[in-house]
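Colleague: In our numbering, the protein residues as written are 138 to 258. Just so you know, even glycine gets a beta-carbon here, dropped at the ideal spot from N, CA and C. Computed from a predicted model, the values in this text were never measured in an experiment.
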DNA sequence: ATTCTAACA
DNA sequence: TGTTAGTA
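1) Hey, residue 189 and residue 149: beta-carbon distance below 9 Å or not?
2) Hey, how far is the Cα of residue 174 from the Cα of residue 192?
3) To the nearest angstrom, report how far apart residue 86 and residue 240 are at their CA atoms.
4) If you compare alpha carbons, which of 181, 139 and 171 is closest to residue 151?
5) In terms of alpha-carbon separation, which member of 187, 220, 238 and 142 lies closest to residue 158?
6) Going straight from the alpha carbon of residue 171 to that of residue 164, what length do you get?
7) Is residue 208 helix, strand or coil by DSSP?
8) Tell me whether the beta-carbon of residue 185 lies closer than 9 Å to the beta-carbon of residue 179.
9) Count the other C-beta atoms from every protein chain shown that fall within 10 angstroms of the C-beta of residue 168, then say buried if there are 16 or more, exposed otherwise.
This is how it looks when you write it as structure tokens:
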């Protein structure tokens, strides 16, 4: 991972700052966390700390919501992302060639599903 | 002053 | 989702 990406994933702002940056209420910000849309870190005092990537994600969520998607649909979009990451980690010991093949198979099964994808509304 | 969890006239 | 109570 590049240094830029690392910085973007550093948890540095408290919920109050995220509220100002996203125009979301603290309630919504915490609610989306229960939907596994973000995983903020916690300080010793149990206070949530968000990263630049988290802020971006909240803004994205707002866009999907305004576009008419439901919470569950949005939840599923990111759920697939997470699944890919998990596969990536679990196969950390596999060769680059094997990983590429796994992704290729993934893409194939997706195109077979064709129209049924949540991104085409 | 801020944030957190839990709960609901 | 809002809001409020009692904390840390």
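Modeller: Taking the definition as stated:
1) Walking along the first chain from the start, residue 189 turns up at place 52. Walking along the first chain from the start, residue 149 turns up at place 12. Taking the C-beta atoms as reference points, residue 149 is found nearer than 9 Å to residue 189.
2) Along the first chain, one-based indexing puts residue 174 at 37. Along the first chain, one-based indexing puts residue 192 at 55. Between residue 174 and residue 192, the C-alpha separation is close to 11 Å.
3) Outside the shown range of the chain (138 to 258) lies residue 86, about which nothing can therefore be said.
4) Numbered from 1 along the first chain, position 14 holds the residue referred to as residue 151. It is 181.
5) Here residue 158 refers to the residue found at position 21 of the first chain. Restricting attention to 187, 220, 238 and 142, the CA atom closest to the CA of residue 158 is found in 187.
6) Here residue 171 refers to the residue found at position 34 when the first chain is read from its first residue. Here residue 164 refers to the residue found at position 27 when the first chain is read from its first residue. Straight through space, the alpha carbons of residue 164 and residue 171 are spaced by roughly 11 Å.
7) Walking along the first chain from the start, residue 208 turns up at place 71. Note: residue 208 maps to helix in three-state DSSP.
8) For the purposes of this step, residue 185 is identified with residue 48 of the first chain, where counting begins at 1. For the purposes of this step, residue 179 is identified with residue 42 of the first chain, where counting begins at 1. Inclusion of residue 185 and residue 179 in the CB contact set at 9 Å is warranted, their separation being smaller than that value.
9) Counted from its first residue, the first chain places residue 168 at position 31. Exposed.
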